[in-house]
Amino acid sequence: MALIQMQPRSANAAPVHRTVADAMDTAGPQVCDDMTIEVALSVMASARTVHLLVSDDDGLCTGLITQAQLTAVRDSSAYTDRIRLRDVLGDRGPFTSPVTTMAEAQHAMRYRQLDALPVVDEHGSALGVLALAR
Numbered sequence: 015m016a017l018i019q020m021q022p023r024s025a026n027a028a029p030v031h032r033t034v035a036d037a038m039d040t041a042g043p044q045v046c047d048d049m050t051i052e053v054a055l056s057v058m059a060s061a062r063t064v065h066l067l068v069s070d071d072d073g074l075c076t077g078l079i080t081q082a083q084l085t086a087v088r089d090s091s092a093y094t095d096r097i098r099l100r101d102v103l104g105d106r107g108p109f110t111s112p113v114t115t116m117a118e119a120q121h122a123m124r125y126r127q128l129d130a131l132p133v134v135d136e137h138g139s140a141l142g143v144l145a146l147a148r
């Protein structure tokens, strides 16, 4: 048995700032933005997930779509089987960086009322997903 010597923490010691990289989940299923709503819902069901990362033809992350969003579109009176994910997502984002502090990311997610946020690198490629515990 090894002995571990503990040193008391100074009252003046700076708190450790966790980053998004410390808390994010792996990227999970990523789909192209030209996928239809029905196919995306099938992918979600197969992967047993409640969200998908969406990318464009160049492989850059364009956003995250949830099962609730897709179900709402599918159940609307304006739904057709020709609606693509890019039609639902609109503009790119929002995203966070792996070096963002958890406090900053949590504040942004609560402000925007988001349950999950894509984590992208400096080139726009998806690295993972940050999800808030509710």
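Numbering-wise, the sequence shown is residues 15 to 148 according to the numbering used here. Where is the CB? At the ideal position from N, CA and C, for every residue including glycine. On a predicted model such as this, the values are computed, not experimentally measured, just so you know.
Counted within 10 angstroms of its Cβ, other Cβ atoms place Met15 as buried (16 or more) or exposed: Residue placement at Met15 is flagged as unreliable, the pLDDT there being 42, under the threshold of 50; the coordinate-derived value follows with that caveat. Exposed, because fewer than 16 other Cβ atoms sit within 10 Å of the Cβ of Met15.
Assigned secondary structure, Ile97 (DSSP; H/G/I helix, E/B strand, else coil): coil
Could you tell me the distance, in whole angstroms, from the CA atom of Pro108 to the CA atom of Ser56? 24 Å
Smallest Cα separation from Thr33: which of Pro112, Gly77, Gly138, Gln81? Pro112
What's the gap between the Cα of Leu17 and the Cα of Asp36? Low local confidence applies: a pLDDT of 41 at Leu17 is under 50, so the model's placement there is unreliable, and no value is given.
Residue burial classification, Ser24 (beta-carbon count within 10 angstroms, cutoff 16): The predicted model places Ser24 with a pLDDT of 49, which falls under 50 and marks its position as unreliable, so this point remains unresolved.
Status (buried if at least 16 other CB within 10 Å, exposed otherwise) for Gln21: Residue confidence for Gln21 is low, a pLDDT of 43 falling below 50, so the modelled location carries little weight and cannot support an answer.
If you drop the 5 nearest sequence neighbours on each side, which residues of the same chain put their C-beta closer than 6 Å to that of Asp70? Asp47, Thr76
Closest by C-alpha distance to Thr50, when choosing among Ala130, Val102, Pro132, Thr110: Of the residues Ala130, Val102, Pro132, Thr110, the one whose Cα lies closest to the Cα of Thr50 is Val102.
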